[in-house]
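Structure first, then comments.
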Amino acid sequence: MRLDHTIVPAKNKDETARFFTDILGFQPGEELPDARFVYVNDTLTLRCDEKYSDHVHLAFYVTDDELAQVIERAKAAGMPYGSRARTDDNQLGQYGGGPRLYFSDPSGNSIELVTVPTLRH
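For the sequence shown, this note's numbering assigns the number 130 to the last residue and increments by one with no breaks.
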(Lines of atoms letter the chains of each structure in order from A and count residues from 1; the text may use other names and numbers.)
(Lines give C-alpha, C1' and ligand atoms only; values in the text may rest on other atoms or scores of the structure.)
Protein backbone atom coordinates (compact mmCIF):
# COMPACT_ATOMS: atom_id res chain seq x y z
CA MET A 1 0.00 0.00 0.00
CA ARG A 2 1.26 3.45 -0.85
CA LEU A 3 -0.11 6.97 -0.86
CA ASP A 4 -1.43 7.65 -4.40
CA HIS A 5 -2.85 11.15 -4.06
CA THR A 6 -4.03 13.62 -1.47
CA ILE A 7 -6.27 16.64 -1.59
CA VAL A 8 -4.73 19.90 -0.48
CA PRO A 9 -7.50 22.27 0.66
CA ALA A 10 -7.09 25.49 -1.34
CA LYS A 11 -8.70 28.90 -1.11
CA ASN A 12 -7.39 29.49 -4.64
CA LYS A 13 -6.46 26.36 -6.59
CA ASP A 14 -4.20 28.22 -9.02
CA GLU A 15 -2.18 30.04 -6.34
CA THR A 16 -1.80 26.85 -4.34
CA ALA A 17 -0.74 24.81 -7.38
CA ARG A 18 1.75 27.55 -8.38
CA PHE A 19 3.35 27.33 -4.94
CA PHE A 20 3.97 23.61 -5.40
CA THR A 21 5.23 23.99 -8.98
CA ASP A 22 7.16 27.27 -8.74
CA ILE A 23 8.65 26.88 -5.27
CA LEU A 24 8.93 23.11 -4.78
CA GLY A 25 9.53 22.31 -8.45
CA PHE A 26 6.73 19.78 -8.95
CA GLN A 27 5.09 19.34 -12.36
CA PRO A 28 1.77 21.07 -13.19
CA GLY A 29 -1.14 18.85 -14.17
CA GLU A 30 -4.69 18.98 -15.40
CA GLU A 31 -7.28 21.50 -14.26
CA LEU A 32 -10.83 20.79 -13.11
CA PRO A 33 -13.48 23.43 -12.35
CA ASP A 34 -12.61 23.42 -8.63
CA ALA A 35 -9.18 21.79 -8.63
CA ARG A 36 -5.75 21.66 -10.21
CA PHE A 37 -3.45 18.63 -10.15
CA VAL A 38 0.25 18.79 -9.30
CA TYR A 39 2.53 15.80 -9.84
CA VAL A 40 5.10 15.30 -7.10
CA ASN A 41 6.61 12.25 -8.83
CA ASP A 42 5.47 9.19 -10.79
CA THR A 43 3.50 7.83 -7.85
CA LEU A 44 2.13 10.85 -5.93
CA THR A 45 -0.38 13.49 -7.04
CA LEU A 46 -1.56 16.54 -5.13
CA ARG A 47 -5.05 17.78 -5.90
CA CYS A 48 -5.26 21.47 -4.97
CA ASP A 49 -9.01 21.71 -4.42
CA GLU A 50 -11.27 24.61 -3.52
CA LYS A 51 -14.16 22.32 -2.46
CA TYR A 52 -12.35 20.76 0.49
CA SER A 53 -11.86 23.03 3.47
CA ASP A 54 -13.14 20.98 6.38
CA HIS A 55 -11.16 17.74 6.08
CA VAL A 56 -8.15 16.03 4.59
CA HIS A 57 -8.42 13.44 1.82
CA LEU A 58 -5.86 10.64 1.54
CA ALA A 59 -6.02 8.10 -1.28
CA PHE A 60 -3.97 4.93 -1.13
CA TYR A 61 -3.13 2.64 -4.02
CA VAL A 62 -3.74 -0.95 -2.92
CA THR A 63 -3.70 -4.38 -4.51
CA ASP A 64 -6.94 -6.32 -4.91
CA ASP A 65 -5.90 -8.53 -1.98
CA GLU A 66 -5.18 -5.52 0.25
CA LEU A 67 -8.54 -4.03 -0.67
CA ALA A 68 -10.32 -7.26 0.24
CA GLN A 69 -8.50 -7.37 3.59
CA VAL A 70 -9.46 -3.77 4.40
CA ILE A 71 -13.11 -4.49 3.53
CA GLU A 72 -13.13 -7.51 5.85
CA ARG A 73 -11.59 -5.49 8.71
CA ALA A 74 -14.06 -2.63 8.14
CA LYS A 75 -17.00 -5.07 8.18
CA ALA A 76 -15.70 -6.74 11.34
CA ALA A 77 -15.42 -3.34 13.02
CA GLY A 78 -18.88 -2.26 11.82
CA MET A 79 -17.31 0.64 9.92
CA PRO A 80 -19.35 1.85 6.95
CA TYR A 81 -17.70 2.47 3.61
CA GLY A 82 -19.01 3.69 0.30
CA SER A 83 -18.73 3.88 -3.44
CA ARG A 84 -18.42 7.68 -3.33
CA ALA A 85 -16.88 10.16 -0.95
CA ARG A 86 -19.05 10.84 2.11
CA THR A 87 -21.36 7.88 1.52
CA ASP A 88 -21.93 4.74 3.51
CA ASP A 89 -23.71 2.49 1.01
CA ASN A 90 -21.24 -0.37 1.72
CA GLN A 91 -20.68 -0.72 -2.03
CA LEU A 92 -17.55 -0.51 -4.14
CA GLY A 93 -17.21 2.24 -6.70
CA GLN A 94 -15.20 2.19 -9.91
CA TYR A 95 -12.24 4.29 -10.98
CA GLY A 96 -10.00 3.85 -13.99
CA GLY A 97 -11.23 0.31 -14.61
CA GLY A 98 -10.85 -0.98 -11.07
CA PRO A 99 -12.71 -0.98 -7.76
CA ARG A 100 -12.35 1.76 -5.18
CA LEU A 101 -13.94 2.62 -1.87
CA TYR A 102 -14.21 5.51 0.54
CA PHE A 103 -14.58 5.71 4.28
CA SER A 104 -13.91 8.24 7.02
CA ASP A 105 -11.46 8.05 9.87
CA PRO A 106 -12.69 8.88 13.39
CA SER A 107 -11.91 12.58 12.83
CA GLY A 108 -13.98 12.74 9.65
CA ASN A 109 -11.08 12.75 7.21
CA SER A 110 -11.79 11.15 3.84
CA ILE A 111 -9.88 7.95 3.04
CA GLU A 112 -9.99 6.46 -0.46
CA LEU A 113 -8.56 3.13 -1.62
CA VAL A 114 -7.90 2.70 -5.35
CA THR A 115 -6.68 -0.36 -7.23
CA VAL A 116 -5.73 1.64 -10.32
CA PRO A 117 -3.26 4.48 -9.76
CA THR A 118 -4.36 8.04 -10.51
CA LEU A 119 -3.65 8.82 -14.15
CA ARG A 120 -0.48 10.79 -14.84
CA HIS A 121 0.26 13.13 -17.74
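Ideal Cβ placement from N, Cα and C applies to all residues, glycine included.
With fewer than 16 neighbouring CB atoms inside 10 Å of its own CB, Lys84 falls in the exposed class. Scanning the region 77-119 for uninterrupted beta strand (DSSP E) segments of 3 residues or longer gives 102-104, 107-113, listed from N- to C-terminal end. Around the beta carbon of Arg93, fewer than 16 other beta carbons lie within 10 angstroms, which makes this residue exposed. For Ala68, the enclosing beta strand (DSSP E) starts and ends at 66-70. The closest CA to that of Pro126, considering only Val79, Pro115, Gln103, Ser113, is found on Gln103. DSSP places Glu24 outside any beta strand (DSSP E); the residue lies instead in the alpha helix (DSSP H), whose first and last residues are 22-27. In the structure shown, Thr52 falls within a coil segment according to DSSP collapsed to helix, strand and coil. By the neighbour-count criterion, in which 16 or more other beta carbons inside 10 Å mark a residue as buried, Glu121 falls on the buried side.
Taking each of Ser113, Phe28, Glu59, Arg27 in turn and checking the Cα distance to Leu41, the smallest one comes out for Glu59.
In this structure, Leu55 places its C-beta atom within 8 Å of the C-beta atom of Phe29. The Cβ atoms of Leu76 and Leu12 lie no closer than 8 Å to each other.
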